[in-house]
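Undergrad: Count along the sequence shown from 1, add 995, and you get the number used in my numbering.
Next up is a structure, given as structure tokens.
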Amino acid sequence: MRIALTIAGSDPTGGAGLQADLRVFQALGVHGASVVTALTVQSSQRVHEVLPAFPSVVLNQLRVLVRDLAPHAVKVGMLATDDVARSVELGLEELERAGTGPAPLIVDPVLAASDGTPLLERRALGTLGRIIGRARLVTPNLSEAETLTGRDVSSDRGIEEAARELVGEFGAGAALVTGGHREGPPHDLLAVRDGDELTLRWLEGERIGGGPVHGTGCALSSAIAAQLAKGDGLLDAVGSARSFVAQALRAAKPAGSGARFLVLS
Ligand code: PLP
996 MRIALTIAGS
1006 DPTGGAGLQA
1016 DLRVFQALGV
1026 HGASVVTALT
1036 VQSSQRVHEV
1046 LPAFPSVVLN
1056 QLRVLVRDLA
1066 PHAVKVGMLA
1076 TDDVARSVEL
1086 GLEELERAGT
1096 GPAPLIVDPV
1106 LAASDGTPLL
1116 ERRALGTLGR
1126 IIGRARLVTP
1136 NLSEAETLTG
1146 RDVSSDRGIE
1156 EAARELVGEF
1166 GAGAALVTGG
1176 HREGPPHDLL
1186 AVRDGDELTL
1196 RWLEGERIGG
1206 GPVHGTGCAL
1216 SSAIAAQLAK
1226 GDGLLDAVGS
1236 ARSFVAQALR
1246 AAKPAGSGAR
1256 FLVLS
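Structure representation (structure tokens):
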């Protein structure tokens, strides 16, 4: 059985967060394990409250889980606080040391919800940066790339520099800067480290209209994790995950009174 693990926050609507990750894992045919980092109170319109999990319980969830199941890929999403992020960092170190095989790590550096509610406290940025340094791939959207690197990402050049920094200085194996929030065509930039070289690839995207959709970032990063868990290489995993999310966006439907939800197939 191929196993993907998500370390993420709960979204009671099921549209984003770990519930979305588990739906994606199931749709892509891998078993989904989950470690909860935070509860949120939210509707499809907005986030009302964030309640971080006890950091010790986050670490214990990870320790007990990975002593039993060996995940083939791990995704990190919302971390809420620095204390929770430090527990996750420690848990990932232990997972690596346990030598259960090289489970690739995908980090979706969740900073805020679409309504602007912070989902990570600012003082946790240093810890998040170190977690990114352990990642096979980090998947920021434009504003996350800007906050993490402090670069102006309003031009292609700026996006390329931010991606270079996430790989060259933070130490991620690769960075996928998603372009959904750009003016014009929503191309994504994939920067991959290859020995001492860095290869930049612009991946063409098509604007899929119809208004806001909840949880697209969560779904993209968990789809990549699922594909890696099944044994795909990074480029193939990114390619199939992008097609999977584009298809789910085309099929998106309203569920509540706010943003539409992805329909997975
Ligand atoms: N709630 C949780 C638990 C999340 O992890 C995320 C995004 O990662 C969101 C809400 C935000 O979803 P959206 O981007 O649709 O605002």
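Note that beta-carbon positions come from the ideal geometry of N, C-alpha and C, so glycine has one too.
The structure presented is a predicted model; accordingly, all values stated were derived computationally and were not measured.
Per DSSP, what kind of secondary structure is Phe1256 in: helix, strand or coil?
TA: Note: Phe1256 maps to strand in three-state DSSP.
Undergrad: Where Gly1175 and Val1052 are concerned, what is the direct C-alpha to C-alpha distance, given to the nearest angstrom?
TA: Going by the C-alpha atoms only, they are around 35 Å apart.
Undergrad: Output yes or no for whether 7 Å exceeds the beta carbon distance between Val1030 and Leu1064.
TA: No; because the gap between Cβ atoms is not below 7 Å, this pair is not in contact.
Undergrad: The beta strand (DSSP E) that contains Asp1189, what's its start and end?
TA: Taken as a continuous stretch (DSSP letters only), the beta strand (DSSP E) holding Asp1189 covers 1183-1189.
Undergrad: For Ile998 and Val1019, which I take to be in contact (beta-carbon distance under 8 Å), what is that distance rounded to the nearest angstrom?
TA: At roughly 14 Å, the Cβ-Cβ gap does not stay under 8 Å, so Ile998 and Val1019 are not in contact.
Undergrad: For Thr1032, which of helix, strand or coil comes out of DSSP?
TA: Thr1032 falls in the strand class under three-state DSSP.
Undergrad: Taking Glu1178 as the reference, give the member of Gly1253, Val1187, Ser1149, Glu1199 with the closest Cα.
TA: Of Gly1253, Val1187, Ser1149, Glu1199, the residue nearest in Cα terms is Ser1149.
Undergrad: Within its chain, find whatever has a CB closer than 6 Å to the CB of Glu1141; leave out the 5 residues flanking it on each side and keep chain order.
TA: Here the set comprises Val1148.
Undergrad: Do you know how far the Cα of Glu1164 is from the Cα of Leu1123?
TA: Approximately 13 Å between the Cα atoms of the pair.
Undergrad: Judging by CA-CA distance, which residue of Leu1198, Arg1196, Gly1205, Thr1076 is the nearest neighbour of Pro1247?
TA: First, the residue type needs correcting, since residue 1247 is Ala and not Pro in the sequence shown. Measuring from the Cα of Ala1247, the nearest candidate turns out to be Gly1205.
Undergrad: Taking the alpha carbon of Pro1249 as the point to measure from, which residue in Met996, Ile1126, Ser1039 has its own alpha carbon closest?
TA: Residue Ser1039 is the option with its Cα nearest to Pro1249.
Undergrad: Going by the CB atoms, is the gap between Val1162 and Leu1198 shorter than 7 Å?
TA: No. Outside cutoff.
Undergrad: Within 10 Å of its beta-carbon, does Glu1201 have 16 or more other beta-carbons around it, so buried, or fewer, so exposed?
TA: Classification for Glu1201: exposed.
Undergrad: CB of Val1083 to nearest heavy atom of the ligand PLP: below 6 Å?
TA: Result no, Cβ not under 6 Å from the ligand PLP.
Undergrad: Can you list, in chain order, the residues of its chain whose CB lies under 6 Å from that of Thr1144, leaving out five sequence neighbours each side?
TA: Excluding positions up to five away in sequence, the list reads Ala1157, Glu1160.
Undergrad: Here's the rule I'm using: 16 or more other beta-carbon atoms within 10 Å means buried, otherwise exposed. How should Glu1091 be labelled?
TA: Exposed, by the Cβ-count rule.
Undergrad: Arg1196 and Gly1168: beta carbons closer than 7 Å?
TA: Going by C-beta atoms, Arg1196 is not nearer than 7 Å to Gly1168.
Undergrad: What is the residue span of the alpha helix (DSSP H) that Leu1161 lies within?
TA: Taken as a continuous stretch (DSSP letters only), the alpha helix (DSSP H) holding Leu1161 covers 1151-1163.
Undergrad: Along the chain, where does the beta strand (DSSP E) containing Glu1044 start, and where does it finish?
TA: Counting along the chain, the beta strand (DSSP E) containing Glu1044 begins and ends at 1042-1047.
Undergrad: Flag Asp1016 as yes when its Cβ comes closer than 6 Å to any non-hydrogen atom of the ligand PLP, and as no otherwise.
TA: It does not: the Cβ of Asp1016 is nowhere closer than 6 Å to a heavy atom of the ligand PLP.
Undergrad: Counting C-beta neighbours from all protein chains within 10 Å, is the total for Gly1111 16 or more, i.e. buried, or is it exposed?
TA: Exposed is the call here.
Undergrad: Give the list of continuous alpha helix (DSSP H) stretches no shorter than 4 residues that lie fully inside the region 1073-1152.
TA: Counting whole runs of 4 or more residues, the region 1073-1152 contains the alpha helix (DSSP H) stretches 1077-1092, 1120-1128, 1137-1144.
Undergrad: Indicate whether Val1208 and Ala1254 have their beta-carbon atoms separated by less than 7 Å.
TA: Contact flag set, yes.
Undergrad: Per DSSP, Val1052 forms a beta bridge with which residues?
TA: Answer is none; Val1052 lacks a bridge partner.
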